[in-house]
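Q: Numbering (my numbering), first residue to last: 32 to 195. Virtual Cβ for every residue (Gly too), placed ideally from N, Cα, C. This one's a predicted model, so the numbers in the text were calculated from it and none came from an experiment.
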């Protein structure tokens, strides 16, 4: 079975200062690997080092060539969005994650912050943005591994309704 390389991006307030101090090197990536990004708590309206993290995601995407981004909740802090035309789509997502290597499919999930707004607008945003792929609150995506002989099934589950 081929290797699946997961690149996990966490939003940390200290990332900006760390980037200034640490010189990043290309990670060792097995030849027959498939890479994806898994990220959450992405939407900070450009603040709290969101832009720095987005730049790092773009730079690393050029290196690891992810198949897609799994945006697993809270793309819109703090009160969700009102509609597919809400300006937060631009300031939390489109203008922030704009690196050319991030122009790939994003498979999102609703987070508790989306539930404070219009969750249907989050589901419908795929009609506005080509890279926002969210066919439902629960869905699965099957991807072929590098050589095409094997497949991986990614299952996206909206867990917020399960929490009391």
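What are the boundary residues of the beta strand (DSSP E) that includes residue 65?
A: Translated into the one-based positions of the chain shown, residue 65 becomes position 34. Its beta strand (DSSP E) spans residues 64 to 70.
Q: Opposite residue 79 in the DSSP bridges: which residues?
A: As a first step, residue 79 is located in the chain shown; it is residue number 48 there, counting from the start. Note: residue 79 sits in no beta bridge, so no partner.
Q: Quick one: using the 10 Å Cβ neighbour count with 16 as the cut-off for buried, is residue 195 buried or exposed?
A: If you number the chain shown from 1, residue 195 lands on position 164. So residue 195 counts as exposed.
Q: In whole angstroms, what is the alpha-carbon distance linking residue 91 and residue 151?
A: Numbered from its first residue, the chain shown carries residue 91 at position 60. Numbered from its first residue, the chain shown carries residue 151 at position 120. Using only the alpha carbons, I get a separation of about 32 Å.
Q: According to DSSP, which residues form a beta bridge with residue 90?
A: Mapped onto the chain shown, residue 90 falls at position 59. Answer is none; residue 90 lacks a bridge partner.
Q: Where do the ends of the alpha helix (DSSP H) carrying residue 152 lie?
A: As a working mapping, residue 152 is identified with position 121 in the chain shown. Run containing residue 152: 150 to 155, per the alpha helix (DSSP H) assignment.
Q: With 16 as the cutoff for other CB atoms within 10 Å, does residue 193 come out buried or exposed?
A: As a working note, residue 193 is residue 162 in the chain shown. So residue 193 ends up on the exposed side.
Q: How far does the beta strand (DSSP E) with residue 100 in it reach, from first residue to last?
A: Position 69 of the chain shown, counted from the start, is the residue given in the question as residue 100. 100 to 103 is the span of the beta strand (DSSP E), which, as asked, contains residue 100.
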